[in-house]
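Residue numbers (the UniProt record's numbering): 1 to 293. We put the beta carbon where it would ideally sit given N, CA and C, even for glycine. Please read the structure below before turning to the comments.
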């Protein structure tokens, strides 16, 4: 099995790189911000340990840092993402049919709703390799979303799309067409989520009462903070296969369409968006049952 292992930077590594700071300068910045320095450095140390263990036990795999991947991944039998939920959703933007598995590299400080393995120590790494070698896994199909803007396909979404003003203190405006009816709405944007995304932003808006499995072939939308909601308004609904949502932007400032909070596209006044269930994501899921995996 030819494997690509995509690895995320720790928070400490990423901020040293992007802020161009020395170790001492970054520590000073953390202290000034009252950041939890112990948690940041413990997370960094643990992720480095996991990275080194994986590289040691899987020397024949191809290793790349996540920020180096910007094109469709081809030529591999499996993509392994070492990181967390955000790292996993980013890499799904570059996978078509190749199976993928997210691995939580810092389970003591990260929940990992979308990851399907957790690495606390080297034994978890060895168990992971054994699981792959002995084919103790299944491939699940997770529902994804697709969308077009004025007829042009944009990045698919594994968790959710957001449509609304880029600056959340601005009023988002759009016309929603759903199930043959038309609604003009003012709000803080609209979220369309899959089962994978139902535990994230969507859950925060709905109050955490509605979640469903990533394998379910339905999506759902929710309008965030609708202004002057009407009894016959349409602020929440399900999106079944073969159905779609149509939005017409009335945004006055700078509206956007965001895929998994990674890729962003203009959704300015007059733009038409169509959102619908798309091709599934192939996810490797271990047969081993454990509370942490």
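Would you call the CB atoms of residue i and residue j closer than 9 Å?
{"i": "residue 195", "j": "residue 216", "result": "yes"}
{"i": "residue 170", "j": "residue 251", "result": "yes"}
{"i": "residue 177", "j": "residue 248", "result": "yes"}
{"i": "residue 275", "j": "residue 145", "result": "yes"}
{"i": "residue 92", "j": "residue 101", "result": "no"}
{"i": "residue 179", "j": "residue 84", "result": "no"}
{"i": "residue 53", "j": "residue 119", "result": "yes"}
{"i": "residue 189", "j": "residue 164", "result": "yes"}
{"i": "residue 29", "j": "residue 21", "result": "yes"}
{"i": "residue 117", "j": "residue 281", "result": "no"}
{"i": "residue 67", "j": "residue 1", "result": "no"}
{"i": "residue 220", "j": "residue 210", "result": "yes"}
Go through its chain and collect everything with a Cβ distance to residue i's Cβ below 6 Å, but skip five positions before and after it.
{"i": "residue 140", "result": "215, 283 and 285"}
{"i": "residue 81", "result": "6, 87, 88, 91 and 102"}
{"i": "residue 16", "result": "26"}
For residue i, which residues from the same chain have a beta carbon less than 8 Å from its beta carbon, with the 5 sequence-adjacent residues on both sides left out?
{"i": "residue 226", "result": "185, 186, 187, 233 and 235"}
{"i": "residue 64", "result": "4, 5, 6 and 7"}
{"i": "residue 213", "result": "195"}
{"i": "residue 206", "result": "222 and 236"}
Per DSSP, residue i forms a beta bridge with which residues?
{"i": "residue 270", "result": "According to DSSP, residue 270 bridges with nothing at all."}
{"i": "residue 65", "result": "7"}
{"i": "residue 282", "result": "141"}
{"i": "residue 118", "result": "104"}
{"i": "residue 265", "result": "257"}
{"i": "residue 161", "result": "192 and 259"}
{"i": "residue 12", "result": "Note: residue 12 sits in no beta bridge, so no partner."}
Give me, in chain order, the residues of the same chain whose beta-carbon lies closer than 7 Å to that of residue i; leave out the 5 immediate sequence neighbours on both sides.
{"i": "residue 43", "result": "10, 11, 106 and 109"}
{"i": "residue 244", "result": "274, 275 and 276"}
{"i": "residue 159", "result": "89, 193, 194, 196, 197, 200 and 260"}
{"i": "residue 71", "result": "94"}
{"i": "residue 279", "result": "144"}
Is it buried or exposed, residue i, if we count other Cβ atoms within 10 angstroms and call 16 or more buried?
{"i": "residue 150", "result": "exposed"}
{"i": "residue 47", "result": "buried"}
{"i": "residue 128", "result": "buried"}
{"i": "residue 241", "result": "exposed"}
{"i": "residue 291", "result": "Low per-residue confidence applies at residue 291: pLDDT is 45, beneath 50, and the placement is therefore not dependable enough to give any value."}
{"i": "residue 135", "result": "exposed"}
{"i": "residue 137", "result": "buried"}
{"i": "residue 19", "result": "exposed"}
{"i": "residue 293", "result": "Note that residue 293 scores 42 on pLDDT, short of 50, meaning its location in the model is unreliable; the coordinates nonetheless yield the value given after this. Buried, because 16 or more other Cβ atoms sit within 10 Å of the Cβ of residue 293."}
{"i": "residue 270", "result": "exposed"}
{"i": "residue 153", "result": "exposed"}
{"i": "residue 254", "result": "exposed"}
{"i": "residue 59", "result": "exposed"}
{"i": "residue 111", "result": "exposed"}
{"i": "residue 57", "result": "exposed"}
{"i": "residue 124", "result": "buried"}
Relative to the C-alpha of residue i, which residue among the options is closest?
{"i": "residue 156", "options": "272, 96 and 164", "result": "96"}
{"i": "residue 122", "options": "181, 51 and 113", "result": "51"}
{"i": "residue 69", "options": "222, 87 and 60", "result": "87"}
{"i": "residue 266", "options": "83, 166 and 222", "result": "166"}
{"i": "residue 61", "options": "132, 220 and 279", "result": "132"}
{"i": "residue 204", "options": "45, 263 and 224", "result": "224"}
{"i": "residue 263", "options": "218, 147 and 79", "result": "147"}
{"i": "residue 272", "options": "79, 173 and 202", "result": "173"}
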